[in-house]
Structure formats: C-alpha cells, structure tokens
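Chemist: My structure is below; once you've seen it, I'll send some questions.
In the working numbering, the protein residues as written are 18 to 519.
Written as structure tokens, this is what we have:
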C-alpha cells in the first residue's frame, strides 16, 4: 500500500478538475444554459478542441491495450497509435467540419437529417452500446492503475474513477471538460517525458538492454514496426481499420466537434491532437516492452500491472504520483465525454423531443446534471461487476465502423434511407456472427479482425442497396454545392454571411 502516492495521485486530479471548474464559474458572465453545458455554446477554440479530441481518443487503449499487445507484437503494436493519428486527421479534417456545418449536437440528429428517423434510432442504439462498453473499459483502466498503487481490488479504483469523471463534467459541462483537458495534456506530456528518460537511466542495461533482450530471445522482429506476417494478420490490419473509422463517427467525437467555435478551429486543432496521441503511444509502448525485458516484472504475467509495478519501483514517489495522475486523466477524459454524450442523446433526442418539449433552460441544465450523474454511477457499477476486458477496445470500435461508411456514401454518393438502415442492421448481425462463431478461424482471420469483416459487409451491402434505390436523394456534398442554405444550419449560414462567404 503506497498511501502517499495514492493521495498524491488523487489530489493532483482533484486540484485540476475542481480548480478549472471554480475558475470558469468565477469568470462566467451569465447563468449556464443547456447549450453552454452540452456544447460550450459552440465557442471552443482550437486548443480545447484539439486537447479534448486527443484525450478522448487516448485512454485505456493506449495505456492498457498497447502495453498488453506490446508483449505479444512488440513495436508492431505502434500501428494502434499511428492509426489513431490518421483517424484524428479524418475526424478533424472531414467528419468534424461537416458536423459543425450541419449544426447538430448528436450523430443521431445528423443521421435523421441525412436519412430518416428509423436510421437515427438504430444508430443511437449501436452508438449507446459502444459508448457503454468504452466507458466500462476506461473505468477498469483507472481501477487497474489505482489497484497497482494500493494492492486493492480494482472495484475501489473504478469507484474513484467514477467520482472523478463525474466531477470532470458536472459543474461546467463541455467547457470544463475542454479546459481540464488542455491542462491535463500539458501536464501529461511533461511528466511522461521526464519518466521516459528516468526509466532509461534506471534500467539494468539502459534501453540498449531492452533491445538485446528481444534479440537474445530470437524475437528481434518485435523491434521492427513491420513486425512479422502473423502480426499483420492477427493484429495490425484489424486494428488500423477499427481505429480509422470508429471515432470520426462516434457520438463523443461528434459532440466535441459540434462545440467548436467554427470549422477553422476544428481544422487547426489537428496540429494539436495528432502529436499528443501518437507520441504518447510510443512512450507507453516503450514502458511496456521495458517491463517485459526484466524477469521480475515479466513474471507478474499481467502486462499493464507489470508495467505499473515497474514504474512504482523505478521512479521517485513524486513522479509516480504525477505519472499515474496523467494516466488516470487520459482515461477520465474519455469517460467524461462519453457520459456527457449519453446524457445529451437521452435528453435532446428523447426527452425534450417527445415528452417535455416546453422545458425551461433551468430545468434542462438540472436534468443534464442528473443524467450525467446517473450515467456515471451506472457505468461505475457496471465496470465493477464485469470481468477485466481491457483487450476488447478494438472489438468495440468495429461496431460503429459501418456507420462511418454509411455517412461517406450519404455525403459523396447518394442518401438512401433503405441502404443506411439495412446496412446498420445487417452489419450488426454480421458482427455478432463474427464474434460468437468460428467464422474468423475458417477465414484465417483470428484476432482483432472484426473490423475486416465489417468493412467487407459494409461495402457489399451499402453499395448494392444504395445503387438499387431509385428513391435515393443526392449526396450532401452535392446539395451543399448547389444550395448551401438547405444543407447547413441557420447558425452556420449566419456565420458565412458575416464572413461574406454566402
């Protein structure tokens, strides 16, 4: 039990989270309304958009998943981080700007406009399931970090993570999340860079010794990003496909893009988000492979726990507290945006749309905070009852991959409500068949390859159904070029008029 490190780790996060909320409350010139809570009144600059999109996409997959996969695949695991960087480019240069132009807060609202209500409902169901899965993974990650410090069951850490993630968003909504992420991103990089140099100096034979370990064990292929054919077949291809096409259409990413000050802020944020994501991934992979090269840590058997134990034993207490606080911050950011997105979907797309259309702004803000609390508590409870599933992140990503291609077809080709609806249904069934049968084995695609099947099914079903739909509408890009006012939101049209672009 490392009580000082535990106290320091939690105290650092509390100071940042509560401090930002307090400052924002001091400088606020008006009472918060629902738009302020969910989208910061569409005022977030590039720095907060970039930091938030980066940290929302940088969580357990980098901190837990890359460390674990690194023990099996070595440097080839870095394709996870690289594809995350390319995914951010797609998100911030393509889907994000269009979501901001259309003026919607949730991806379900966008699908309702592009296709129809039925498609938006199916999209909401798939998205909600994915969000819940990622939420539990991230909270389990927090639990594992705190469990490494205390030696207690991860349920304790999950509960602490649930409380901190609630505080992350409860007071200031999206604006609080954005500025907390900016501070956490800076803090995370400073301590991670210090730690990587200190670990190198404390390793028995330095980083050269880590390389020599793999060479002496006839695993020198693990030192190459090209890895070996088996790694490409079982890990890299599926990981790249899942990473590229999940987050750009995910509800949490859409809500952050919808909160941007303008389209330019989203595009500029790519210069912030991509380096944060891909460089941190390299640092985590280096930590994990170092732990594997040291017998006493390799003997632990659990890669993330072995990594955290190595850091605990090799770094000074103050740096461990800072580093573990940074790990927790990355995962908490993901949880905070997920629960905010869930609360927004539930209230905007269900409650206020069908049941309480006359709700006042005060009632909406109260309801949002209640919903955020309920989802945080529910997610925490779920994360403590499920078995550890930190290898499932790529599997979860695959569920929303078809929605990205439905969006692409609707943007560039034709908007077929029939094709969109049935593509989402059929690919969801296909994903279940892929997950719970021996089909991947028959196709020699065992491993993280759900995304391969989803790409094939999405393309075949989507292309056939779209091409044969005589009632399909023109793609949104064509509509935008011929009649911008009909395609974009009134708010964005006003912005363009003010700039003399419409």
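A virtual CB, placed ideally from N, CA and C, is assigned to each residue, including glycine.
Bear in mind that the values here come from a model prediction, so they are computed numbers and not experimental data.
Taking 7 Å as the threshold (C-beta atoms), are residue 397 and residue 175 in contact?
Modeler: Position 158 of the chain shown, counted from the first residue, corresponds to residue 175. Position 380 of the chain shown, counted from the first residue, corresponds to residue 397. The answer is yes: Cβ separation under 7 Å.
Chemist: For a test of the three-state rule: what should DSSP assign to residue 277, helix, strand or coil?
Modeler: Here the question's residue 277 lines up with position 260 in the chain shown. In this structure, residue 277 counts as strand in the three-state DSSP scheme.
Chemist: Assuming contact is defined by CB atoms lying nearer than 7 Å, are residue 340 and residue 202 in contact in what I supplied?
Modeler: Residue 340 sits at position 323 when you count from the first residue of the chain shown. Residue 202 sits at position 185 when you count from the first residue of the chain shown. It is not a contact, given that the beta carbons lie outside the stated cut-off.
Chemist: Which residue from 509, 248 and 132 puts its Cα closest to that of residue 423?
Modeler: Against the chain shown, residue 423 aligns to sequence position 406. Here the closest residue by C-alpha is 132.
Chemist: Under 8 Å by Cβ, that's how I've got residue 30 and residue 346 pegged, so tell me the actual separation to the nearest angstrom.
Modeler: Numbered from 1 along the chain shown, position 13 holds the residue referred to as residue 30. Numbered from 1 along the chain shown, position 329 holds the residue referred to as residue 346. Right, the Cβ-Cβ distance comes to about 6 Å (below 8 Å), so this counts as a contact.
Chemist: Can you name, in chain order, every residue of its own chain whose Cβ lies under 8 Å from the Cβ of residue 410, other than the five neighbours on each side?
Modeler: Counting from one through the chain shown, the residue named residue 410 turns up at place 393. Around residue 410: 77, 78, 82, 151 and 154.
Chemist: Consult DSSP for residue 500 and reduce its assignment to one of helix, strand or coil.
Modeler: Taking the chain shown and counting its residues from 1, one reaches residue 500 at position 483. It is coil, neither helix nor strand.
Chemist: Under DSSP, the alpha helix (DSSP H) around residue 118 begins and ends at which residues?
Modeler: Looking up residue 118 in the chain shown gives position 101. Per DSSP, residue 118 belongs to the alpha helix (DSSP H) from 113 to 119.
Chemist: Is the beta carbon of residue 359 closer than 7 Å to that of residue 325?
Modeler: Here the question's residue 325 lines up with position 308 in the chain shown. Here the question's residue 359 lines up with position 342 in the chain shown. No, Cβ-Cβ distance for residue 325 and residue 359 is not below 7 Å.
Chemist: Comparing C-alpha positions only, which one of 61, 25, 497 and 493 sits nearest to residue 275?
Modeler: Here residue 275 refers to the residue found at position 258 of the chain shown. Considering only alpha carbons, the answer is 61.
Chemist: According to DSSP, is residue 48 helix, strand or coil?
Modeler: Sequence index remark: in the chain shown, residue 48 carries index 31 (1-based). Looking at residue 48 - three-state DSSP - the assignment turns out to be coil, as it is neither helix nor strand.
Chemist: Just grab the DSSP bridge partners of residue 61 for me.
Modeler: For the purposes of this step, residue 61 is taken as the residue at position 44 of the chain shown. Residue 61 is bridged to 277.
Chemist: Go through its chain and collect everything with a Cβ distance to residue 261's Cβ below 7 Å, but skip five positions before and after it.
Modeler: Here residue 261 refers to the residue found at position 244 of the chain shown. Correct list, in chain order: 100, 103, 104 and 107.
Chemist: Tell me whether the stretch 299 to 306 and the stretch 106 to 123 touch, counting them as touching only if at least three CB pairs, one residue from each stretch, are closer than 8 Å.
Modeler: Contact fails: fewer than three Cβ-Cβ distances are below 8 Å.
Chemist: Around the Cβ of residue 335, are there at least 16 other Cβ atoms within 10 angstroms (buried) or fewer (exposed)?
Modeler: Stepping through the chain shown from its first residue, residue 335 is reached at position 318. Exposed: under 16 other Cβ atoms inside 10 Å.
Chemist: Find the nearest neighbour of residue 494 within the set 505, 486 and 53, judged by alpha-carbon distance.
Modeler: Here the question's residue 494 lines up with position 477 in the chain shown. Residue 505 is the option with its Cα nearest to residue 494.
Chemist: What would DSSP say about residue 407, mapped onto helix, strand or coil?
Modeler: Counting from one through the chain shown, the residue named residue 407 turns up at place 390. Low confidence applies to residue 407: its pLDDT is 48, below 50, so where it sits in the model is not reliable, and the reading given next is rough at best. Of the three classes helix, strand and coil, the one that applies to residue 407 here is coil, per DSSP.
Chemist: For residue 195, I'd like the list of residues in its chain whose CB is within less than 6 Å of its CB, leaving aside the five on either flank, ordered along the chain.
Modeler: Counting from 1 along the chain shown, the entry for residue 195 is found at position 178. The residues are 61, 65 and 69.
Chemist: Under a three-way DSSP split, which group does residue 221 fall into?
Modeler: Taking the chain shown and counting its residues from 1, the one referred to as residue 221 is at position 204. Residue 221: coil per DSSP, three-state reduction.
Chemist: Would residue 407 be called buried (16 or more neighbouring beta carbons within 10 Å of its own) or exposed?
Modeler: Position 390 of the chain shown holds residue 407. With a pLDDT of 48 at residue 407, under the threshold of 50, the modelled position of that residue is not reliable, and the figure given next carries that caveat. So residue 407 counts as buried.
Chemist: What are the uninterrupted segments assigned as alpha helix (DSSP H) that are 4 or more residues long and contained completely in the stretch 182 to 236, given in chain order?
Modeler: For the stretch 182 to 236, whole alpha helix (DSSP H) runs of length 4 or above, ordered along the chain, are 190 to 219 and 223 to 233.
Chemist: In this structure, does DSSP put residue 491 in helix, strand or coil?
Modeler: The count along the chain shown starts at 1 and reaches residue 491 at position 474. Three-state DSSP puts residue 491 in a strand.
Chemist: Here's a check: name, in chain order, each residue in its chain whose Cβ is nearer than 7 Å to the Cβ of residue 184, leaving out the five neighbours to either side.
Modeler: Translated into the one-based positions of the chain shown, residue 184 becomes position 167. Contacts found: 34 and 35.
Chemist: For residue 507, which three-state DSSP category applies?
Modeler: Sequence index remark: in the chain shown, residue 507 carries index 490 (1-based). Of the three classes helix, strand and coil, the one that applies to residue 507 here is helix, per DSSP.
Chemist: Take residue 595 as the anchor and find which of 439, 283 and 206 has the nearest alpha-carbon.
Modeler: The chain is shown from 18 up to 519; residue 595 falls before or after that span and cannot be answered.
Chemist: What does DSSP give as the partner residues of residue 431 in its beta bridges?
Modeler: Position 414 of the chain shown, counting from 1, holds the residue named residue 431. Residue 431 pairs with 491.
Chemist: Between which two residues does the alpha helix (DSSP H) holding residue 316 run?
Modeler: The residue you call residue 316 lines up with position 299 of the chain shown. Unbroken run through residue 316: none, as it is neither H nor E.
Chemist: Kindly indicate the opening and closing residues of the alpha helix (DSSP H) around residue 335.
Modeler: Stepping through the chain shown from its first residue, residue 335 is reached at position 318. Note, residue 335: alpha helix (DSSP H), 334 to 363.
Chemist: Measure how close the beta-carbons of residue 285 and residue 71 come, nearest whole angstrom, since I'm counting them as under 8 Å.
Modeler: Taking the first residue of the chain shown as 1, we reach residue 285 at position 268. Taking the first residue of the chain shown as 1, we reach residue 71 at position 54. So it is not a contact: roughly 13 Å between Cβ atoms.
Chemist: Applying the criterion that 16 or more other CB atoms from any shown protein chain within 10 Å of the CB defines a buried residue, is residue 467 buried or exposed?
Modeler: One-based indexing of the chain shown puts residue 467 at position 450. Residue 467 comes out buried.
Chemist: On the DSSP letters alone, give me the boundaries of the alpha helix (DSSP H) that residue 262 sits inside.
Modeler: As a first step, residue 262 must be located in the chain shown, where it is residue number 245. Its alpha helix (DSSP H) spans residues 254 to 263.
Chemist: Alpha carbons only, please: which of 191, 308, 268 and 190 is nearest the one belonging to residue 137?
Modeler: Start at 1 with the first residue of the chain shown, and residue 137 comes out as number 120. Taking only the C-alpha atoms, the option nearest residue 137 is 268.
Chemist: Hey, residue 186 and residue 389: beta-carbon distance below 7 Å or not?
Modeler: Counted from its first residue, the chain shown places residue 186 at position 169. Counted from its first residue, the chain shown places residue 389 at position 372. In contact: residue 186 and residue 389 (Cβ atoms closer than 7 Å).
Chemist: How long is the line joining the alpha carbons of residue 445 and residue 118, rounded to whole angstroms?
Modeler: As a working mapping, residue 445 is identified with position 428 in the chain shown. As a working mapping, residue 118 is identified with position 101 in the chain shown. Taking the straight line from one Cα to the other gives about 29 Å.
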